[in-house]
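Its first residue numbered 501, the sequence shown is counted upward by one per residue in our numbering. Glycine is no exception: its CB is placed at the ideal position from the N, C-alpha and C atoms. Nothing here was measured: the structure is a model prediction, and the numbers come from that model.
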Amino acid sequence: MEESQYHTILVAVDGSKTADLAFEKAVKFAKLDHAKLVIAHVIDIQTFANVRANKRFIDQNVTEYAQELLDRYEKRAQEAGVETVELVIENGSPKTLIPKVIAPRVGAGLIVCGAVGMNAMERIMIGSVSENISRYAKCDIYIVRPKTLK
501 MEESQYHTIL VAVDGSKTAD LAFEKAVKFA KLDHAKLVIA HVIDIQTFAN VRANKRFIDQ
561 NVTEYAQELL DRYEKRAQEA GVETVELVIE NGSPKTLIPK VIAPRVGAGL IVCGAVGMNA
621 MERIMIGSVS ENISRYAKCD IYIVRPKTLK
């Protein structure tokens, strides 16, 4: 039997169609290598930083959404035949936490994420999560692009 290439595969998801494509690819890799699949969602605190009213309500709903999202992905991964699935929810910047904190903590050998269709100005101003992951991760990266992007 051939030894697997990756023991732990980390996929970053946010509920978008591109993240869904990345999840499907990560499931295929995990099954191929009999690897643990770690499904991570980072609640981007910057998105909610300017919201002052009902902060506790927003925090609770965002956390509940994240848990429900990951539960759905976990069920899909298990139904597809992935043997070991771990869920990670963190608060902070996905650009930093995914490559610098989560991937090393779970021992990821591969990070799978979706590319986000930003224009050049948006990339200059804020940078994309996938760009930052590719810049800072110490393991292999697989970036999934939607078929509609050229």
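Can you give the beta carbon distance from residue i to residue j, rounded, assuming they're within the 8 Å contact cut?
i	j	result
alanine 526	isoleucine 602	The pair is not a contact, with the Cβ atoms about 14 Å apart (cut-off 8 Å).
lysine 531	valine 612	Going by Cβ atoms, the distance from lysine 531 to valine 612 rounds to 13 Å, so no, they are not a contact pair.
leucine 537	alanine 566	Between alanine 566 and leucine 537 the Cβ distance is about 17 Å, and since that is not below 8 Å, they are no contact.
Can you tell me the Cα-Cα spacing of residue i and residue j, whole angstroms?
i	j	result
asparagine 660	glutamate 568	In the structure as shown, the chain begins at 501 and stops at 650. Residue 660 is therefore absent and cannot be evaluated.
serine 634	alanine 512	13 Å
glutamate 574	tyrosine 506	19 Å
alanine 519	proline 594	13 Å
aspartate 640	proline 599	11 Å
valine 606	threonine 508	7 Å
tyrosine 636	alanine 580	30 Å
glutamate 586	asparagine 561	22 Å
threonine 563	serine 630	23 Å
serine 628	proline 646	15 Å
So, at 7 Å on beta carbons, what are the nonlocal neighbours of residue i in its own chain, with the 5 sequence-adjacent residues on each side left out?
i	result
aspartate 514	His541
Taking the beta carbon of residue i as the centre, do at least 16 other beta carbons fall within 10 Å, making it buried, or is it exposed?
i	result
aspartate 533	buried
proline 604	exposed
glutamate 622	Only weak support is given to the placement of glutamate 622: the predicted model assigns it a pLDDT of 46, under 50, and the question is left unresolved by the model.
serine 516	exposed
Take residue i and list the residues in its own chain whose beta-carbon comes closer than 6 Å to its own, dropping the five residues that flank it on each side.
i	result
methionine 625	Low confidence applies to methionine 625: its pLDDT is 45, below 50, so where it sits in the model is not reliable, and the reading given next is rough at best. No residues qualify anywhere along the chain.
threonine 584	Lys536
Quick one: what's got a C-beta closer than 8 Å to residue i's C-beta in the same chain, skipping five residues either side?
i	result
phenylalanine 529	Tyr506, Ile509, Ala535, Leu610, Val612 and Tyr642
aspartate 544	Gly592, Ser593 and Pro594
Pick out the complete beta strand (DSSP E) segments inside the segment 571 to 641, 3 residues or longer, and give them in chain order. 584 to 592 and 610 to 614
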